[in-house]
Amino acid sequence: MIYRDKKWLLVLYLFYTAILIAGTYVFGKQALSGRPLYYLILLLLWLGVAKNIWILEKRRRGK
């Protein structure tokens, strides 16, 4: 399974990390320039990535 293969897990983790870095840069820059809606978008981005990583870990452990 893809969730048990360490190479694919590393690729997925790197993908999620890239999304977090790029999203934080783009949406954080907008939020700091006085657009408070982007704080909510940034929070949803972080929660979504955290949820996906939690699901990956849960499947990897077989629970």
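The numbering of the sequence shown is this note's numbering, which starts it at 180 and goes up by one. No residue lacks a Cβ here, since even glycine has one placed at the ideal position from N, Cα and C.
| Check | Outcome |
| --- | --- |
| If you count every other CB in all the chains shown that lies within 10 Å of the CB of L224, and 16 or more means buried, which is it? | buried |
| Compare the beta carbon distance of Y217 and F206 with 7 Å and say whether it is the shorter of the two. | yes |
| Please state the DSSP three-state secondary structure of G207. | helix |
| Considering only the beta carbon of each residue, do V228 and L189 sit closer than 7 Å? | no |
| Have a look at I220 and Y204 and give me their C-alpha separation to the nearest angstrom. | 12 Å |
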